[in-house]
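So my numbering is basically just the index in the sequence shown, starting at one, shifted up by 3.
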Amino acid sequence: MITFICVLAIASAAARLFLFAALHVVPSAYNPLTHAVSDYAVGPTRHLSTAMTWTTVLTWLSLAAAVSVVLPSWEYHGTATALLLTLAIIFAVLPFVPTDLAGAKRTPRGILHYVLAIAWFAIAYSLTGDTSRYMATSWGGISGSAAVALHWIALISLIALIAALVVPTLRRYFGLAERVFIAAISVFFLIAAIALLAHA
Numbered sequence: 004m005i006t007f008i009c010v011l012a013i014a015s016a017a018a019r020l021f022l023f024a025a026l027h028v029v030p031s032a033y034n035p036l037t038h039a040v041s042d043y044a045v046g047p048t049r050h051l052s053t054a055m056t057w058t059t060v061l062t063w064l065s066l067a068a069a070v071s072v073v074l075p076s077w078e079y080h081g082t083a084t085a086l087l088l089t090l091a092i093i094f095a096v097l098p099f100v101p102t103d104l105a106g107a108k109r110t111p112r113g114i115l116h117y118v119l120a121i122a123w124f125a126i127a128y129s130l131t132g133d134t135s136r137y138m139a140t141s142w143g144g145i146s147g148s149a150a151v152a153l154h155w156i157a158l159i160s161l162i163a164l165i166a167a168l169v170v171p172t173l174r175r176y177f178g179l180a181e182r183v184f185i186a187a188i189s190v191f192f193l194i195a196a197i198a199l200l201a202h203a
């Protein structure tokens, strides 16, 4: 059962990365440099975006289960499990509150989407800190080093993302910063899932 949970986490995390890449290959009107990834949930790419979102729900749920059963003695285990479950809930809600497209009037639904996006960015990043430290000190090896590196990449890209939001001259690079952040987070948790299987 533990092996199945870890394999499910790996498969869903890998599938999420594949779908994330696919969003940028299929024809669309969105510019990866400037448009938010959330924009893909509106228009002709919405089905692919929705598939990625539900795949991500499965990723968070299976990771929460894996952490719960593989790392019961980890001092951060309870918090990590709760945060992963919170991420699953956020992503389960996101398909029902699509974003407002750039330049459109802000709606209550769009504001809620914005709040949920901020929440998932903050929670996912916060998880990389304690998780990468645990992986580096307890497991070491390539997975530990990669986790630490991805934690820093996520931090730098998150700072760049925030800067692009508040500095008008940097706004045209928001999409790029967001994509680097999401890619770093996605690869981080894929590596974490692989490491969990290796230590199950």
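Quick reminder that beta carbons are idealized off the backbone N, C-alpha and C, glycines included.
For clarity, every value in this text was computed on a predicted model and none was experimentally measured.
- request: Assign E78 to buried or exposed, taking buried as 16 or more other Cβ atoms, counted over all protein chains shown, within 10 Å of its Cβ.
  value: exposed
task: Check whether the segment 88 to 96 touches the segment 56 to 73, taking contact to mean three or more Cβ pairs, one atom from each stretch, closer than 8 Å.
output: Touching, yes, given that three or more Cβ pairs across the two stretches are closer than 8 Å.
task: List the endpoints of the continuous alpha helix (DSSP H) containing P111.
output: For P111, the enclosing alpha helix (DSSP H) covers residues 111 to 137.
- request: Report the rounded CA-to-CA distance for D133 versus V170, giving the unit in angstroms.
  value: Going by the C-alpha atoms only, they are around 30 Å apart.
message: Between which residues of its own chain and I13 is the CB-CB distance below 8 Å, once the five residues before and five after are set aside?
response: L193, A196, I197, L200
- request: Indicate the three-state DSSP secondary structure (helix, strand or coil) for W77 in the structure shown.
  value: Secondary structure at W77: coil, using DSSP grouped into helix, strand and coil.
- prompt: Would you say the segment 144 to 162 touches the segment 113 to 128, given that touching needs at least three Cβ pairs under 8 Å?
  reply: yes
query: What beta strand (DSSP E) runs, 3 residues minimum, are completely inside the segment 29 to 111?
result: none
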